[in-house]
Ligand code: IDP
């Protein structure tokens with residue numbers, strides 16, 4: 008069984024689509040094993056997105072992701088990392104297929120509703136960052 012970190016970003020929470028996103032995850036057969044509504048501090052946000060620290064959009068991304076409450080979840084299932092990435096769709100919502108979360112609910116690359124870990128290695132790092140007390 009594999010685990011991945013999923014975030015419903017502040018734009019998704021603001022638009023009242025928490026239930027919609029959770030419903031898609033559950034319908035697919037993935038299991039939510041931890042869930043929390045929280046507002047990220049700047050340090051956690053910078054650590055989460057550290058691979059993008061040198062990118063021009065980094066300051067704006069940190070401001071966006073700390074700009075309101077988000078939902079953090081640990082999602083478990085068969086090939087959960089890949090399965091959730093497929094549900095989420097491409098990073099740029101305009102390129103994300105219809106039927107994906109981003110393809111159905113977003114237009115802008117920054118405000119793209121959800122985050123999902125991009126590998127099992129990232130998932131382990133991100134789950135530790137968001138849920139340090141979760142028993143493995
Ligand atoms: P991912 O979220 O699909 O894994 P990444 O390339 O890891 O995509 O980017 C992380 C997040 O940074 C994206 O989900 C999006 O919110 C934001 N982002 C990525 N590229 C851009 C950009 O060119 N401009 C603004 N924000 C971006």
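Residue numbers (the numbering used here): 8 to 143.
C-beta: ideal position from N, C-alpha, C; glycine also.
Starting from residue i and walking both ways along the beta strand (DSSP E), at which residues does that stretch end?
i: residue 186; result: The structure shown does not extend to residue 186, since the chain is modelled only from 8 through 143, so no value can be given for it.
Could you check whether the Cβ of residue i sits closer than 9 Å to any Cβ belonging to chain B?
i: residue 76; result: In the displayed structure, chain B is absent; only one protein chain is listed.
Helix, strand or coil, according to DSSP, for residue i in the structure here?
i: residue 28; result: helix
i: residue 69; result: helix
i: residue 85; result: coil
i: residue 52; result: helix
i: residue 142; result: coil
Within the present structure, is the beta-carbon of residue i separated from the nearest heavy atom of the ligand FMN by less than 8 Å?
i: residue 21; result: Looking for the ligand FMN in the displayed structure turns up nothing; the ligands present are the ligand IDP.
Which word fits residue i, buried or exposed, when buried means at least 16 other C-beta atoms lie within 10 angstroms of its C-beta?
i: residue 133; result: buried
Between the C-alpha atoms of residue i and residue j, what's the straight-line distance to the nearest angstrom?
i: residue 56; j: residue 110; result: 22 Å
i: residue 36; j: residue 85; result: 9 Å
i: residue 138; j: residue 15; result: 15 Å
i: residue 20; j: residue 45; result: 11 Å
Residue range of the alpha helix (DSSP H) that residue i falls in?
i: residue 132; result: 127 to 137
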